[in-house]
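Student: Quick mapping for you: the protein sequence lines, in order, are chains D and W. Count along the first sequence from 1, add 45, and you get the number used in my numbering. Count along the second sequence from 1, add 5, and you get the number used in my numbering. For reference, the structure I am asking about is given below.
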Amino acid sequence: MHPRSPTLFAVLAIAGAAWIAPFGGADAQPAPAAAHLIPQSLQIEHRETLEQISLLARRKGPVGVAAAKVLVLYKRHAGREDEFVFPPLRLLPLLAEGKVTPDMAWALPMTDRVRAEQEQIFDEHTQITEALNELVAAGTKAHDNDAKEFAESAVADSLTDLEILIPTILLIGDTLHSKLPAAH
Amino acid sequence: MSGLIPRAVAVGGMLLTSLLGPAALAADAGAGKSAFQSSCSICHSVQPGQNKIGPSLFGVVGRKTGSVTGYSYSPANEAANMTWDDATLDKYLEAPRTVIPGTKMTYAGVKDAGKRGDLIAYLGTLK
């Protein structure tokens, strides 16, 4: 019995932790990913884009191969957008009303990171555009209009990011830096 | 008479070489068209007035940067103040963001000088 006690204790501890963890303690911090979601419209766009590429990637032949390449690049890119690029956009409605409050400071590390990684973000778009070009070429050869239309629409979305969303995120950062108390 | 024709062709060839330069003659517009279709056509039309993600490339050789009517350029391209000719296109197509920092063209560039020459030769036919 004695040799088994530590094992039993460990099992009980793990089981207890597993039971407690999902509910959290009084001072439990929400997971970072859950704390700062991206705007709902962009969540839907990410989900739909992912679904469409995944469907194309299941096709046989060059279209499937080209779409699989897009899928890998897109997953990585969208993951970074979910993590730190797009969450600050949720502050836009409040900022547009002229409201800047200290609890918005969470967005600063994100907007600063976007500014620091602008070229990397641009490179990701470049790689995705190149892969979408290959998808269009494969779709054209295979007379696959779905693949062509998807790629052309996706490349337009990419331009929206570069022309509108990224500059907006940088502006949000500048606004917060200038209006939040220096102690943030 | 039969000796005159090859001589005329040779003279014509030399004249063309002096006008266009050796690189332009060596380039293959047909290969450039294929390269354009696989690398550029998702964003650029070759039809006049048909702007897509990028501006129409009809008549691109010889025109000023940022000058296509109806296309909303990046501030960087708008202010670039260059003329698209063989030399500027060659540099730009090799490394777009180096030549025009801030351009929104998501294109890594063509590192192979021969392929760039082919592309430029094809762009030169769009008029």
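Glycine included, every Cβ here is placed at the ideal spot set by N, Cα and C. These numbers come from a predicted model, not from an experiment.
Quick check: the region 75-88 of chain W against the region 212-219 of chain D, are there 3 or more CB pairs under 8 Å?
Tutor: Taking 8 Å as the limit for Cβ pairs, the verdict is that the region 212-219 of chain D does not touch the region 75-88 of chain W.
Student: Would you grab the beta carbon distance between E93(D) and D202(D) for me? Rounded to a whole angstrom, and I think it's under 8 Å.
Tutor: Contact flag wrong, Cβ pair sits at about 10 Å.
Student: Measure the CB-CB distance between L136(D) and H222(D) and report whether it falls below 8 Å.
Tutor: No.
Student: Tell me which same chain residues have a C-beta within less than 8 Å of the C-beta of K186(D), skipping the five on either side of it?
Tutor: Once the five neighbours on either side are set aside, the close Cβ partners of K186(D) are P107.
Student: Cβ atoms of V181(D) and A196(D): under 8 Å apart, would you say?
Tutor: Contact flag set, yes.
Student: Can you check whether the CB of A34(W) is closer than 8 Å to the CB of Y127(W)?
Tutor: A contact, by the Cβ cut-off of 8 Å.
Student: Taking the Cβ atom as the reference point for each residue, do K38(W) and H49(W) lie within a distance shorter than 8 Å?
Tutor: No.
Student: By the three-class DSSP mapping on this structure, what secondary structure does T88(W) have?
Tutor: Strand.
Student: Given a threshold of 16 other Cβ atoms within 10 Å of its Cβ, counted over all protein chains shown, does L144(D) qualify as buried or as exposed?
Tutor: According to the sequence provided, residue 144(D) is Lys. The question's Leu does not apply to it. Flag for K144(D) reads exposed.
Student: Look up K69(W) in the DSSP assignment and give the residues it is bridged to.
Tutor: In DSSP, K69(W) forms a bridge with T88(W).
Student: Check whether the Cβ of S44(W) lies closer than 8 Å to any Cβ atom in chain D.
Tutor: Yes, S44(W) lies at the interface with chain D (some Cβ there is under 8 Å from its Cβ).
Student: Show which residues of chain W have a CB atom less than 7 Å away from the CB atom of A234(D).
Tutor: The structure shown has nothing for residue 234(D), since chain D only spans 46 to 229.
Student: For A40(W), would you say it is in contact with chain D, using Cβ-to-Cβ distances shorter than 8 Å as the test?
Tutor: Judged by the 8 Å Cβ criterion, A40(W) is not in contact with chain D.
Student: With distances taken Cα to Cα, identify the nearest neighbour of S198(D) among R104(D), I98(D) and Q165(D).
Tutor: Of the listed residues, the one whose Cα sits closest to S198(D) is I98(D).
Student: So which residues of chain D does I105(W) contact, with C-beta pairs closer than 9 Å?
Tutor: Within chain D, no residue comes near I105(W); the closest Cβ sits about 13 Å away, beyond 9 Å.
Student: Helix, strand or coil: how does DSSP classify F124(W) here?
Tutor: For the record, residue 124(W) in the displayed sequence is Leu; it is not Phe. L124(W): helix per DSSP, three-state reduction.
Student: What residues from the region 173-190 of chain D come within 9 Å of chain W, judged by C-beta to C-beta, listed N to C?
Tutor: Flagged, chain order: I173, T174, E175, L177, N178, E179, L180, V181, A182 and T185.
Student: Closest Cβ-Cβ distance between V130(D) and chain W: below 8 Å?
Tutor: Cβ-Cβ to chain W under 8 Å: no for V130(D).
Student: So if I threshold CB-CB distances at 7 Å, which residues from the region 106-122 of chain D count as touching chain W?
Tutor: Going along the region 106-122 of chain D in chain order, one finds no residue with a Cβ nearer than 7 Å to chain W.
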